[in-house]
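According to my numbering, the sequence shown holds residues 61 to 688 in order. Every residue, glycine too, gets a C-beta built ideally from N, C-alpha and C. Note that the structure is predicted; figures quoted are calculated from it, not measured.
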Amino acid sequence: MSTHNSNTETLEGSVSMNLAMPAAMEMHTESEMSPIVFTDLQLASEVQLAVQLKGYTSPTPIQAEIIPLMLAGQDILAQSQTGTGKTAAFALPILSKIDVQLSQTQVLVLAPTRELATQVAQSFESYGCMLPKLRVAAIYGGADYEPQLKMLRRGAHVVVGTPGRVIDHIRRGSLNLESVRCLVLDEADEMLNMGFIDDVGFVLEQVPQPRQTALFSATLPAPIRDIAARYLIDPAQISIRKKTLTADNIEQRCVFVDDNLKLELLTRILESEPTDGVIVFAKTKDATNLIADQLVQRGQRAAALNGDLPQARRQQTVDQLRKGQINVLVATDVAARGLDVQRISHVINYDLPHDGESYVHRIGRTGRAGRKGIAVIFLTPRQRSKLAVIERLTKQTIEIVSPPSASKINHFRVARFEQEIVQTVNGAALKPFESLVQQVMRATGLSAEAIAAAVLHNTSPGRPLFVEEIESWCQSRRSSHDKTSVGRQRDESRRSPRDVAPPRKGMLRYRIEVGRTDGVRVGNIVGAIANEAGLCGNDIGPIEIRQQFTTVDLPSELPSDILKTIGRTWVAGKQLRIRPFFLDQEIAQVGDSSRRETRSAGRNNTQGQLATTKRGRKAFRTGTPKRK
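And the structure:
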């Protein structure tokens, strides 16, 4: 059994950061790259060719360890982070063993998010580019069913999906698992954190034997170890160490802010900081376009850089940044690869990157050529635990700073306005305008000051000169569903249904048909709604779990197609069947609310024992014998 030990954390991994391994696994690797080359591995010739076409010669340590084991058909329990090359570690041997002549699903990969599912599916397609007729399907919530059904009907050899949508297709009969011979759980701890662990168990029970199972996880909390013990047969246990990365010549700062105030914070930083070139990193292509457009509307010279832009346009945008024609570049990680512009003074992490290496690569865009650079990261209150991870990763203390105050912004705006006025007076032909002002003064009796103030007011009605102070940049820190635990539950236990606080402005309360008797946890519901419907955490309000059903507050303007998607989603063995919740009509059914479970309490429970559900997964807790 090959074992290594890792001390590397990811930014998107489990907040527990518990990286301890059993005593039997306390072995270390000193090198960052293995001494072997890909041609030493027994990969299929088509896969070897694809690897060569990509220019890869040597496998990463995790690839060197796992590829031979998976080629031999052994189960895998791997503790590794994004950035170690784990996707290729399982994709390359899987593709080497796949039978493209068999038009049936042979490989199933479960991933916690649609983004990761898409990324893994693309990796399979890329590494399998020399395999004729290879078909890969990515299935996830928040997307139309028809394209997914079409791919499945054609006979996808590899299916990569999120747990909820995979279960949905299983129940529809559109995903046939009879021929699956390899099952991969990618980022298992993240699926645990998102409340999908019961769904993972359900899928594991549906895939027939014999099969090969590979489980990858950044951390190994007890529920993940339980799954490994129950469903993996004599697995090879592997942990890979990545070297701690450093960021010299870069001053790092952190600002805590709610998602809905990030744009305002970014605008204020750009106005109050003495910047040169700035790169703002966002997670998605759509986000880069939206942020760049809004910055332009706010007076910034900004542009987006993402993979949707033609190569010529991308190069033009980079040249504009290099020449100072634009000052702010809003980019994705992929689009910014290889970007080398010396004038970058600031890197703004608008969204948290997926892994530690991406973070270091991001901030490495500044602080070049002996210059000092500044890196700012925006974190929501719930991401506070990530700060320590980043500090360990970069071996630097990160200063927590407050957002620029309104008085500071107003001071800068007034100073800039004065400068612009002086420049205009000294450089423009103002005689006709002076005559016009005098004419207005004679006609109206107004003073020159009053006329100037009115002109200034009318020139930017949508963008006032002065900003107002924002009372709290982190409202979610004190929101109702962030309050913990026992005290809150005791208070609520004394309330009648009519005492329940109404939804806050802009939110609507919905009923979903799953409750405490189904063994559901708040984490299950948050994960399902966020992932399947594409909502972010701030879009999901307080959640109240009752005996037979649950209420959840969601934005009142949710499109009907998103509500339909949520309604079709399966949680704890039942479809949510979402509909508006009207207290007066359902008062008789709410009398059981004396023991409600809040959203934050549910999140704490996702790290505990696995919930019993109606899908027959009581065995997770009761110790049903391991499969043979």
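Considering only V218, L212, A364 and I437, the residue with the shortest C-alpha distance to I329 is I437. In the three-state scheme derived from DSSP, where H, G and I count as helix and E and B as strand, N409 is classed as strand. Nearest neighbour of T173 by Cα position, chosen from T611, V631, A588 and F641, turns out to be A588. With the rule of 3 Cβ pairs closer than 8 Å, the segment 150-163 counts as touching the segment 214-221. Membership of P268 in any alpha helix (DSSP H) is not indicated, and neither H nor E is assigned to it by DSSP. Per DSSP, the beta bridge partners of F341 are A391 and N409.
The continuous stretches of beta strand (DSSP E) do not include P121, which lies in the alpha helix (DSSP H) extending over residues P121 to L131. Distances from the alpha-carbon of E250 to those of N584, E451 and R361 put N584 closest.
With respect to N387, R428 sits apart: the two C-beta atoms are not nearer than 8 Å. Of all alpha-carbon atoms in L381, Q272, A282 and S239, the one lying nearest the alpha-carbon of I293 is that of Q272. Residue pairing by DSSP places F316 opposite L439 in a beta bridge.
Rounded to whole angstroms, the gap between the alpha carbons of I154 and L243 is 10 Å.
In this structure the segment 116-128 touches the segment 97-104; the number of beta carbon pairs closer than 8 Å is three or more. For L453 against G416, the beta-carbon gap comes to about 5 Å, under 8 Å, which counts as contact. Within its own chain, the residues whose Cβ lies closer than 6 Å to the Cβ of V167, once the five positions on either side in sequence are excluded, are I154, V218 and C242, listed in chain order. The three-state secondary structure of D400, taken from DSSP, is coil.
In the DSSP assignment, P153 falls within the unbroken alpha helix (DSSP H) covering K146 to K157. Check the Cα spacing between G367 and each of P223, T348 and I127: the tightest is with T348. If the five residues before and after A151 are omitted, its C-beta is found closer than 7 Å to the C-beta atoms of S183, F184 and Y187, all from its own chain and listed in chain order. Between the segment 227-246 and the segment 272-287 there are three or more inter-stretch CB-CB distances shorter than 8 Å, so the stretches are counted as touching.
Residue nearest to A342 within the set K322, V390, S616 and D319 is V390 (criterion: CA-CA distance). Beyond the five residues adjoining it in sequence on each side, I572 comes within less than 6 Å, by CB distance, of T610, L636 and I638 in the same chain, given in chain order. When DSSP reads this structure, S299 sits in a beta bridge with Q139. Residue environment analysis places G133 among the exposed positions, since fewer than 16 neighbouring C-beta atoms fall within 10 angstroms of its C-beta. Boundaries of the alpha helix (DSSP H) around A282: A282 to Y291. For the segment 500-532, the continuous alpha helix (DSSP H) assignments of 4+ residues that do not extend past its boundaries occur at 508-519, in sequence order. Taking a cut-off of 8 Å on C-beta distances, the segment 455-463 touches the segment 311-323, as three or more cross pairs fall below it. Within the same chain, Cβ atoms closer than 8 Å to the Cβ of T327 are found at L355, R358 and Q360, the five residues on either side in sequence being excluded. Per the DSSP secondary-structure output, Y116 pairs with nothing in a beta bridge. At a Cβ-Cβ threshold of 8 Å, L381 and L412 do not count as neighbours. Classified as exposed, N320 has fewer than 16 neighbouring CB atoms from the shown chains inside 10 Å of its CB. Where D613 is concerned, the enclosing beta strand (DSSP E) starts and stops at T610 to P615. The beta carbon of A508 sits closer than 7 Å to those of V497 and M501, all from its chain and outside the five residues before and after it, given in chain order.
Taking C-beta atoms as the reference points, E265 and L191 fail to come closer than 8 Å. The three-state reading of DSSP puts R213 in helix, counting H, G and I together. Around the C-beta of F493, fewer than 16 other C-beta atoms lie within 10 Å, and the residue is accordingly described as exposed.
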